[in-house]
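There are 2 protein chains.
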Amino acid sequence: MAPTAKVEYDAKFTDAVIASIGDGTDPRLKEIITSLIRHSHDFFRDINLNTDEFMTGLKYINWAGQMSNERRNEGLLLTDILGLESLSDEITYKNAAANSDVTSSAILGPFWREDTPHRDFGTTISFDTPADAEVAYMFGVVRDAKTGKPIPNATVDIWEASTNGLYEQQDQNQREHNLRGIFTTNAQGEYALYCIRPTPYPVPNDGPAGKLLELLQRHPYRPAHIHLMVKANGYLSITTQIFDKRTKYLEDDSVFAAKGDLLVDFVPREGDPEAKLQCEYNIALAPQ
Amino acid sequence: MAPTAKVEYDAKFTDAVIASIGDGTDPRLKEIITSLIRHSHDFFRDINLNTDEFMTGLKYINWAGQMSNERRNEGLLLTDILGLESLSDEITYKNAAANSDVTSSAILGPFWREDTPHRDFGTTISFDTPADAEVAYMFGVVRDAKTGKPIPNATVDIWEASTNGLYEQQDQNQREHNLRGIFTTNAQGEYALYCIRPTPYPVPNDGPAGKLLELLQRHPYRPAHIHLMVKANGYLSITTQIFDKRTKYLEDDSVFAAKGDLLVDFVPREGDPEAKLQCEYNIALAPQ
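Chains A and B, in that order, give the protein sequences.
Residues in the first sequence are numbered from 1 upward in steps of one, following UniProt numbering.
Residues in the second sequence are numbered from 1 upward in steps of one, following UniProt numbering.
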């Protein structure tokens, strides 16, 4: 057989696997798994994936699970570097919000915590501020994307890495819940806090995601960003990230989350002994 | 927006993720990951996979890794029930062996062991034979698929579950390496051993694969089978399974490995106090 000859595979195999799904299966699950089977089988056949290569891929999947725990989601990171979380974020956002004035979303990432404490208006989230950090005052208004009306009692959940590139749950030298907090908007829809200007950092390189980045000759860096999750009664919640417009890696974010409409400007702040910089970021939520 | 309106996604996103792969990447890896990115992105968009659904899928992947260890490969089982191992087996076999007289292959499965002991011609692999087991004498000849000539010194690695559906590494009541062994063909290319007639069993249901089978309303059973891995110098190795032609589940194997040309017949055996049944299985290997 000539080396370029196309091998013929059993055309009925994929249909047989799909046909095994029971009739009473949840319709959405059936739809998802049917599509997963079809696309994954097409992938295997298109690339003639042999068993050695398949087993190598499986090793990465099992390795990701073995490294995952309550504080770390390596499976998420492994799919992040293939753009999958960012893609599902785009899909979710575009299907939920037909209104183009709504703040863009961005991926949750693996470092959000469910038990983040609420903090008072205008207080800080930085309790172990390192010497190389630039403290910034961050503020803005949460509005209704349709009417422009401010939304009181919205919650703004914020988290960021320290200047060493580590979130507090990755770093024994940061106290619990450092650089994270939930703020509530006042009667004018305003939120405000002190944070640190974010810095670029590499995603963890001690697992399968780091190994794959290395094999693909890709750098592991993320542009400097702050995570936000904003919720208000009667509105669609939004998960997003804002990026320092002067940061490196905006064009080649290792997890493909950076977007042009999520850039913010850190500018000098006058007359505040607590912070030399400030940054304004306003948020528009879509009514439910 | 009408519920049937098709949402438009960023057409350049997938190309941007693929473009991040470095030029010096191993060409085969680059080809595989490029195809993986394209097909997985198509899957997400075709099905409008939202972030909640994505996170649920990720939970299954991480869960599979967390359950995997030296004795168990749950990631493999999870992909087995989607037909993926069987498909990569078909791909590998058809690309390696253009000769249709070669013995068909079947998946390795998660229970093969690297450190299986060698055993003498005609001895048994059953050391804890349960009361409900039917002992069988299994024998055959390993031949060159092209010339039909017997192959001496080929190794036939055999493993099977006990009648309780468990392989020895899953079962504290079976001794180490029970129901497995490596046999070497004699000068006439013959191998022979005593085993037990295999019985159908369910794949493990305590992990994500079992949970997914349940959600898809599928049964977890495999048809009765014996695993074989056959190797000889100068020939392509073959991994396969033989199926009792009278077993249940030949048409709906939960891991899609059963094939018509791998059926064997367990027939009465005369004049042997050790076994009431026998089964002949001849193997043809492709020259390298």
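Every residue, glycine too, gets a C-beta built ideally from N, C-alpha and C.
Check	Outcome
How many Å lie between B:ALA19 and B:GLY57 at the Cα?	26 Å
Could you tell me the boundaries of the beta strand (DSSP E) in which B:GLY57 lies?	Careful: B:GLY57 lies outside any beta strand (DSSP E), inside the alpha helix (DSSP H) at 51-67.
From B:ASP128 to B:ALA192, what distance separates their C-alpha atoms?	19 Å
If you measure between the beta carbons of A:ALA209 and A:GLU74, is that distance less than 8 Å?	yes
Quick check on A:ARG180: does DSSP put it in helix, strand or coil?	strand
At least one CB of chain B closer than 8 Å to the CB of A:GLN217: is that the case?	yes
Taking the alpha-carbon positions, what's the B:SER162 to B:HIS225 distance?	11 Å
On the DSSP letters alone, give me the boundaries of the alpha helix (DSSP H) that A:HIS41 sits inside.	27-47
Please classify B:GLY109 as buried or exposed, where buried requires at least 16 neighbouring CB atoms within 10 angstroms.	buried
Taking just the CA atoms, how far does B:MET229 sit from B:THR116?	12 Å
Using a threshold of 8 Å, state whether the C-beta atoms of A:ALA232 and A:ILE151 are closer than that.	yes
Please name the residue, chosen from B:GLY140, B:ASP23, B:ILE158 and B:ASP80, that lies closest to B:HIS118 on a Cα-to-Cα basis.	B:ILE158
Start and end of the beta strand (DSSP E) containing B:ILE91?	Run containing B:ILE91: none in the beta strand (DSSP E); it sits in the alpha helix (DSSP H), 84-96.
Cutting at 6 Å between CB atoms, please list the residues of its own chain near B:VAL17, excluding the five before and the five after it.	ILE37
Residues of chain A with CB closer than 8 Å to the CB of residue 294 of chain B, please, in chain order.	Since the first residue of chain B shown is 1 and the last is 288, residue 294 of chain B is not available in this structure.
May I ask which residues mark the beginning and end of the beta strand (DSSP E) holding A:ILE226?	225-231
Kindly indicate which three-state DSSP category A:PRO117 falls into: helix, strand or coil?	coil
Just to make sure I have the definition right: I need the residues of chain A whose C-beta is within less than 7 Å of the C-beta of B:SER88. Which are they?	PHE44, LEU49, ASN50, THR51 and PHE54
Note down, in chain order, each residue of its chain lying with its Cβ closer than 7 Å to the Cβ of A:HIS177, except the 5 sequence neighbours on either side.	THR116, PRO117 and GLU168
Might you give, ordered along the chain, the residues of its own chain that have their beta carbon closer than 8 Å to the beta carbon of A:ALA2, omitting 5 neighbours on each side?	In this prediction, A:ALA2 scores a pLDDT of 39, lower than 50, which makes its location untrustworthy; the coordinate-derived value is nonetheless stated afterwards. Once the five neighbours on either side are set aside, A:ALA2 has no close Cβ partner at all.
Express the C-alpha separation of B:SER86 and B:PHE256 in angstroms, rounding to a whole number.	6 Å
Could you say which of A:HIS219, A:GLU274 and A:GLN188 lies nearest to A:PRO200 if we only look at CA atoms?	A:HIS219
Please state the DSSP three-state secondary structure of B:LEU76.	helix
In chain B, which residues lie with their C-beta within 8 Å of the C-beta of A:GLN66?	GLY65, GLN66 and SER68
Work out the CA separation of A:LEU213 and A:TYR60 for me, nearest whole Å.	12 Å
State the DSSP-derived secondary structure class of B:PRO273, mapped to helix, strand or coil.	coil
Should B:VAL142 and B:GLY189 be called a contact, given that it needs their Cβ atoms to be closer than 8 Å?	yes
Measure the C-alpha to C-alpha separation of B:PRO202 and B:ILE107 and round it to an integer number of angstroms.	16 Å
Nearest CA to the CA of A:LEU166: which residue from A:ARG71, A:LEU84 and A:GLU251?	A:ARG71
Please identify, using Cβ separations under 8 Å, the residues of the region 4-19 of chain A that lie next to chain D, in order along the chain.	Of the protein chains in the structure, A and B, none is chain D.
Among A:ASP10, A:ALA286, A:ASN50 and A:ASP89, whose alpha-carbon lies nearest the alpha-carbon of A:GLY234?	A:ALA286
Can you list, in chain order, the residues of its chain with a C-beta nearer than 7 Å to that of A:LEU262? Leave out the 5 residues immediately preceding and following it.	SER104, ALA106, THR240, GLN241, ILE242 and PHE243
Cα separation between B:SER237 and B:LYS94?	13 Å
Under 8 Å, Cβ to Cβ, is there at least one residue of chain A near B:GLY271?	no
Where B:THR14 and A:PHE44 are concerned, what is the direct C-alpha to C-alpha distance, given to the nearest angstrom?	19 Å
Can you give me the Cβ contacts of residue 289 of chain B inside the same chain, cut-off strictly under 7 Å, excluding the 5 residues immediately before and after it?	Outside the displayed span of chain B (1 to 288) sits residue 289 of chain B, for which this structure offers no information.
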